[in-house]
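Since the structure comes first, as structure tokens, the remarks are kept for the end.
Residue numbers (the numbering used here): 2 to 162.
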């Protein structure tokens, strides 16, 4: 059950006493986000990375998007985690668009990315299509997943419309 949204005495929205505001969380951040490229199964994959401690955290964007979806949250997460945000194969600045856009192929490319950058196990955070790809990785390679966060994710079954 979700906790009710209330307004505290300062006029901020709060859930169970935790204040939420629209403050730019990256203003005072000192964690540099670096763009890198790696070869995965013969394709060049760009990714953003920051942080070098805590959980390995892999951020996976949705359809019609790219690694830049996560650019504002990466520094915040990188304060306590090692964060990676790759382009899914066939999206963003990946060079090939003529690939099979199947969940199996994209999930195996994501595992290939993990292998290439040296991630044995990660917390997977996926949005939309990225959430479904993360779910596919969890189903096919549960030993590689330390946690799973799905945000507005695609699920199983057929679309109703």
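Just so it is clear, CB atoms sit at the ideal spot from N, CA and C, and this is done for glycine as well. Values in this document were obtained by computation on a predicted structure and should not be read as measured data.
{"query": "From 41, 140, 32, 43, pick the residue whose C-alpha is nearest to that of residue 74; which is it?", "result": "32"}
{"query": "So is residue 103 buried or exposed if we call it buried at 16+ other beta carbons inside 10 Å?", "result": "exposed"}
{"query": "DSSP on residue 98, reduced to helix/strand/coil?", "result": "coil"}
{"query": "Whole angstroms is fine: what's the gap from residue 23's alpha carbon to residue 77's?", "result": "Below a pLDDT of 50, predicted positions are generally treated as unreliable, and residue 23, at 32, falls in that range; the measurement from the model is reported next regardless. Roughly 14 Å between the two C-alpha positions."}
{"query": "Give, in chain order, every unbroken run of the beta strand (DSSP E) that is at least 3 residues long and sits entirely within the region 110-158.", "result": "123-128, 146-152"}
{"query": "Excluding sequence positions up to five away, which residues of its chain have a Cβ less than 8 Å from the Cβ of residue 93?", "result": "47, 62, 66, 67, 68, 69"}
{"query": "Apart from the five residues on each side of it in sequence, which residues of its chain come closer than 6 Å, Cβ to Cβ, to residue 124?", "result": "56, 58, 147, 148"}
{"query": "May I ask you to report which of helix, strand or coil DSSP gives residue 75?", "result": "helix"}
{"query": "Reducing DSSP to helix, strand and coil, say where residue 50 ends up.", "result": "strand"}
{"query": "Taking residue 58 as part of the beta strand (DSSP E), name the residues at either end of that continuous run.", "result": "56-61"}
{"query": "Under a Cβ-count criterion, where at least 16 other Cβ atoms within 10 Å of its own Cβ denotes burial, should residue 88 be classed as buried or exposed?", "result": "buried"}
{"query": "Within 10 Å of its beta-carbon, does residue 28 have 16 or more other beta-carbons around it, so buried, or fewer, so exposed?", "result": "Residue placement at residue 28 cannot be trusted, given a pLDDT of 44 that sits under 50; what the coordinates show is reported in the next sentence. The residue is exposed, with fewer than 16 neighbouring Cβ atoms inside 10 Å."}
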